[in-house]
Amino acid sequence: MSSEKSKTFILKSGKCSWGNCIYCGYGKIEGFTPTTENVNRDLDGFFKIVDDTTETVKIFGSGSFLDEKQFPIDSQKHLVDLCKKHDIKKLLFESRPEFITDETLKNFKDQDYTVAIGLEVADNKTLKDIKKGFTVEQFEKATDTIHNNNGKVRTYLLVNPPYVKDIQDSLDKSVKFALKHSDSIVLINLYPHSSAEMINLYLDLKWKPLDRKQFTEITAKWKTNKKVEPDFETFTFTPRIPEKLKCELKGANEKNLTHPYYEIWQDYFQRFYTPPKVKDTILFLPCAFRKPYSQSKTHREILKRIQNLHFYARLHQVMISNPGVIPREFESKYPFAHYDWPEWQETADLKKQYTEVTQKRIEDYLKAHRYKKYMCYFKHESESYIALKNACKKLGIDLIQLFDKTLYEDKMPETNVLVERRALDAMVHRLKKEMKK
Ligand code: SF4
0 MSSEKSKTFI
10 LKSGKCSWGN
20 CIYCGYGKIE
30 GFTPTTENVN
40 RDLDGFFKIV
50 DDTTETVKIF
60 GSGSFLDEKQ
70 FPIDSQKHLV
80 DLCKKHDIKK
90 LLFESRPEFI
100 TDETLKNFKD
110 QDYTVAIGLE
120 VADNKTLKDI
130 KKGFTVEQFE
140 KATDTIHNNN
150 GKVRTYLLVN
160 PPYVKDIQDS
170 LDKSVKFALK
180 HSDSIVLINL
190 YPHSSAEMIN
200 LYLDLKWKPL
210 DRKQFTEITA
220 KWKTNKKVEP
230 DFETFTFTPR
240 IPEKLKCELK
250 GANEKNLTHP
260 YYEIWQDYFQ
270 RFYTPPKVKD
280 TILFLPCAFR
290 KPYSQSKTHR
300 EILKRIQNLH
310 FYARLHQVMI
320 SNPGVIPREF
330 ESKYPFAHYD
340 WPEWQETADL
350 KKQYTEVTQK
360 RIEDYLKAHR
370 YKKYMCYFKH
380 ESESYIALKN
390 ACKKLGIDLI
400 QLFDKTLYED
410 KMPETNVLVE
420 RRALDAMVHR
430 LKKEMKK
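Per numbering that gives the first Met the number 0: the sequence shown = residues 0 to 436.
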């Protein structure tokens, strides 16, 4: 984000020449060849928003600014000219070490500039594992070259790289090393690009991003060090399953109950997600065969009854199904709108397993998120309701069931009882009463 004094520009710069780092997808960018003409045009466009208050310009792209295949030399010179013209005091750009030489830096000699380098981790074995394509020694040489050419070094370190047994120990060593060679350091909570090789480690549940608490604890010791900055940007992520790995999740079976795609989303809902602030009452609802759920008959009928209630905005609708708990805001996302769980395929064993897995997911969600009131609208015999009831009981939560089964003590209707007029009337009546309390 740019402050008034600092402007950040993201330049379209095509494929990274290295393009092999396992967490990065910039080596797969196709269909754009940077030329002096198009890069200069973009730079001119950016500088239109530079004004008298702008002191620093930061240029980011998809690779190395000093790589002339990504940023032609004439464009590099054009940037320096623009900085001079607009009286820019500080310039920052990124580069891999192999492009950092006396020759490539000479255009910047009259400018206060910083080169940001993604060292990631100060250990050659891990650098090899993550396919970084350079060594600690090559990084060190590049930082000497920058300093000898009056530039500054900003080093990026990954707080949670894969293949590292003890991330605290690894980070301690990396920061210690980087501080010797850098003017500033950024500690990054890694989250891989969806097109990157490493996404498979995440989808196979062999690696996880750190949540805010973990990240804060691990980086706590540098909190007061002015040279070290934590980067929280990645906390805004949501799990993204790469297009090519999306598949149909159909059938009632164990695989479709504990599929890794569901697990990473449940982990997201528990550790990263924050329910909308205004929604202080949770309303658990069943899933539906038709997706997204709100297009199904059951949900349309329920929504028709509750949408006009004056407290509607306070209700956080959360569905329970074989993927786990699914807040309404996510119902159209993959995989929640792309699975089927045909109930007629369920065996007694599978029902038991469904109830246990679902209970645990609900417990984890409710431990992470507190509401003022907890309500639900389910058939009493449904496994989702049994799992929810058990989870609430275990956590000491008062669960209000809005489905009034006494209405049907004589005979349950043949059709979906949840959309029966009497059941819906009773649901709304009870809901209004509970929300008044
Ligand atoms: S992390 Fe940097 S060096 Fe590695 S592939 Fe991505 S852009 Fe290239």
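Here a beta-carbon is modelled for each residue, glycine too, at the ideal position from N, C-alpha and C.
Since the structure is predicted, the reported quantities are computational estimates derived from the model, not experimental observations.
Measure the CB-CB distance between L81 and L126 and report whether it falls below 8 Å. Mapped onto the sequence shown, residue 81 falls at position 82. Mapped onto the sequence shown, residue 126 falls at position 127. Their beta carbons are not under 8 Å apart, which means L81 does not touch L126 by this criterion.
Can you give the Cα-Cα distance for M0 and F107, rounded to whole angstroms? One-based indexing of the sequence shown puts residue 0 at position 1. One-based indexing of the sequence shown puts residue 107 at position 108. Unreliable positioning characterises M0 in this predicted model, as indicated by a pLDDT of 44, which lies under 50. The coordinate reading is nonetheless provided below. Approximately 24 Å between the Cα atoms of the pair.
Apply the 10 Å Cβ neighbour rule to R421 and answer buried if 16 or more other Cβ atoms are within range, or exposed otherwise. For this step, residue 421 is matched to residue 422 along the sequence shown. Answer is exposed; the Cβ neighbour count stays below 16.
Closer than 8 Å is the cut-off here; do at least three beta carbon pairs connect the region 31-38 with the region 8-23? yes
Would you mind stating whether Y112 and G150 have Cβ atoms separated by less than 8 Å? Numbered from 1 along the sequence shown, position 113 holds the residue referred to as residue 112. Numbered from 1 along the sequence shown, position 151 holds the residue referred to as residue 150. Yes. Within cutoff.
Can you grab the Cα-Cα spacing for the pair H368 / P274, in whole Å? As a working mapping, residue 368 is identified with position 369 in the sequence shown. As a working mapping, residue 274 is identified with position 275 in the sequence shown. Approximately 8 Å, taken between the alpha carbons.
Quick one: residues in its chain with C-beta nearer than 7 Å to the C-beta of Y353, no 5 flanking neighbours on either side, listed in chain order? As a working note, residue 353 is residue 354 in the sequence shown. If we look at Y353 and ignore the five residues flanking it on each side, its Cβ neighbours are L256, N321 and E382.
To the nearest angstrom, how far is it from the Cα of F176 to the Cα of F92? Locating residue 176 in the sequence shown gives position 177, where the first residue counts as 1. Locating residue 92 in the sequence shown gives position 93, where the first residue counts as 1. Rounded to whole angstroms, F176 to F92 spans 22 Å at the Cα level.
Any heavy atom of the ligand SF4 closer than 7 Å to the beta-carbon of S183? In the sequence shown, residue 183 corresponds to position 184, counting from 1. No.
Given Y376, which residues of its chain have a CB within under 8 Å of its CB, disregarding the five upstream and five downstream residues? Translated into the one-based positions of the sequence shown, residue 376 becomes position 377. Closer than 8 Å at the Cβ level, and outside the excluded window around Y376, lie L282, F283, L284, P285, I301, Q400, L401, F402, L417 and M426.
If distances are taken between C-alpha atoms only, which option among T237, Q306 and D397 comes closest to P334? As a first step, residue 334 is located in the sequence shown; it is residue number 335 there, counting from the start. It is T237 whose Cα lies nearest to the Cα of P334.
CB contact flag (N19, G117, <8 Å): Taking the first residue of the sequence shown as 1, we reach residue 19 at position 20. Taking the first residue of the sequence shown as 1, we reach residue 117 at position 118. Not in contact: N19 and G117 (Cβ atoms no closer than 8 Å).
8 Å Cβ cutoff met for V38 and P71: Here residue 38 corresponds to residue number 39 of the sequence shown, with the count starting at 1. Here residue 71 corresponds to residue number 72 of the sequence shown, with the count starting at 1. Yes; because the gap between Cβ atoms is below 8 Å, this pair is in contact.
Can you look up F45 in the DSSP assignment and give me helix, strand or coil? For the purposes of this step, residue 45 is taken as the residue at position 46 of the sequence shown. Here F45 sits in helix by DSSP.
Contact between the region 217-226 and the region 293-310: three or more CB pairs below 8 Å? no
Is A219 close to chain C, meaning its C-beta is less than 8 Å from at least one C-beta of that chain? Judged by its chain identifiers, the structure shown contains no chain C, having just a single protein chain.
Would you mind reading off the limits of the beta strand (DSSP E) that contains R153? Sequence index remark: in the sequence shown, residue 153 carries index 154 (1-based). Counting along the chain, the beta strand (DSSP E) containing R153 begins and ends at K151 to L157.
Suppose you measure from the CA of P96 to the CA of P341; what does that come to, to the nearest Å? As a working mapping, residue 96 is identified with position 97 in the sequence shown. As a working mapping, residue 341 is identified with position 342 in the sequence shown. Those two C-alpha atoms are separated by around 55 Å.
Buried or exposed: where does N147 fall if 16 or more other Cβ atoms within 10 Å of its Cβ makes it buried? Along the sequence shown, read from residue 1 onward, the residue named residue 147 stands at position 148. Burial call: exposed.
Shortest alpha-carbon distance to D203 belongs to which of I240, L104, T223 and Y407? Here the question's residue 203 lines up with position 204 in the sequence shown. Checking every option, the nearest Cα to that of D203 belongs to I240.
Would the beta-carbon of K135 fall within 8 Å of that of L90? What you label residue 135 is simply residue 136 of the sequence shown in a count that begins at 1. What you label residue 90 is simply residue 91 of the sequence shown in a count that begins at 1. In the sequence as displayed, the identity of residue 135 is Val instead of Lys. Against a cut-off of 8 Å, the Cβ pair of L90 and V135 comes out as no contact.
Under 7 Å from any heavy atom of the ligand SF4, does the C-beta of G13 make it? Against the sequence shown, residue 13 aligns to sequence position 14. Checking the Cβ of G13 against the ligand SF4 gives no.
What do you get for R40, buried or exposed, if any count of 16 or more other CB atoms within 10 angstroms of its CB means buried? As a working note, residue 40 is residue 41 in the sequence shown. Exposed, because fewer than 16 other Cβ atoms sit within 10 Å of the Cβ of R40.
Among the candidates V158, D182, K249 and Y260, whose CA atom is the shortest distance from the CA of D210? Taking the first residue of the sequence shown as position 1, residue 210 is located at position 211. The residue with the shortest Cα to Cα distance from D210 is V158.
Anticipated Cβ contact below 8 Å, S293 with E330, distance rounded: The residue labelled residue 293 in the question sits at position 294 within the sequence shown. The residue labelled residue 330 in the question sits at position 331 within the sequence shown. Right, their Cβ atoms sit about 6 Å apart.
Rounded C-beta distance between P191 and Y22? I'm assuming under 8 Å. Counting from 1 along the sequence shown, the entry for residue 191 is found at position 192. Counting from 1 along the sequence shown, the entry for residue 22 is found at position 23. That belief holds up - the Cβ atoms of P191 and Y22 are roughly 4 Å apart, short of 8 Å.
In DSSP terms, what I58 is bridged to: In the sequence shown, residue 58 corresponds to position 59, counting from 1. Bridge partners of I58: F8.
Should V227 and V174 be called a contact, given that it needs their Cβ atoms to be closer than 8 Å? For the purposes of this step, residue 227 is taken as residue 228 along the sequence shown, with counting starting at 1. For the purposes of this step, residue 174 is taken as residue 175 along the sequence shown, with counting starting at 1. Closer than 8 Å, so yes.
Pull up the distance between the alpha-carbon of T103 and that of L65, whole angstroms please. Within the sequence shown, the letter at position 104 stands for residue 103. Within the sequence shown, the letter at position 66 stands for residue 65. Whole-angstrom Cα-Cα distance: 7 Å.
Can you tell me the Cα-Cα spacing of P160 and N389, whole angstroms? For this step, residue 160 is matched to residue 161 along the sequence shown. For this step, residue 389 is matched to residue 390 along the sequence shown. Roughly 38 Å separates the two Cα atoms.
Where does K89 sit, in a helix, a strand or coil, going by DSSP? Numbered from its first residue, the sequence shown carries residue 89 at position 90. Three-state result, K89: strand.
Quick check on this structure: which residue in E196, L200, N224 and K212 has the alpha carbon closest to the alpha carbon of D182? Here residue 182 corresponds to residue number 183 of the sequence shown, with the count starting at 1. Checking every option, the nearest Cα to that of D182 belongs to N224.
Give me the Cα-Cα distance between G194 and K410, rounded to the nearest whole angstrom. Sequence index remark: in the sequence shown, residue 194 carries index 195 (1-based). Sequence index remark: in the sequence shown, residue 410 carries index 411 (1-based). The sequence shown places Ser at residue 194, rather than the Gly named in the question. Spanning the two alpha carbons is a distance of roughly 54 Å.
Less than 7 Å separating the Cβ of Y373 from some heavy atom of the ligand SF4? Working through the sequence shown from its first residue, we reach residue 373 at position 374. Checking the Cβ of Y373 against the ligand SF4 gives no.
Label S2 either buried or exposed according to how many other C-beta atoms from any shown protein chain fall within 10 Å of its C-beta, with 16 as the threshold for buried. Along the sequence shown, read from residue 1 onward, the residue named residue 2 stands at position 3. Low per-residue confidence applies at S2: pLDDT is 49, beneath 50, and the placement is therefore not dependable, though the value from the model is reported in the following sentence. The residue is exposed, with fewer than 16 neighbouring Cβ atoms inside 10 Å.
Buried versus exposed, by CB contacts within 10 Å (16 or more), E380: In the sequence shown, residue 380 corresponds to position 381, counting from 1. That one is exposed.
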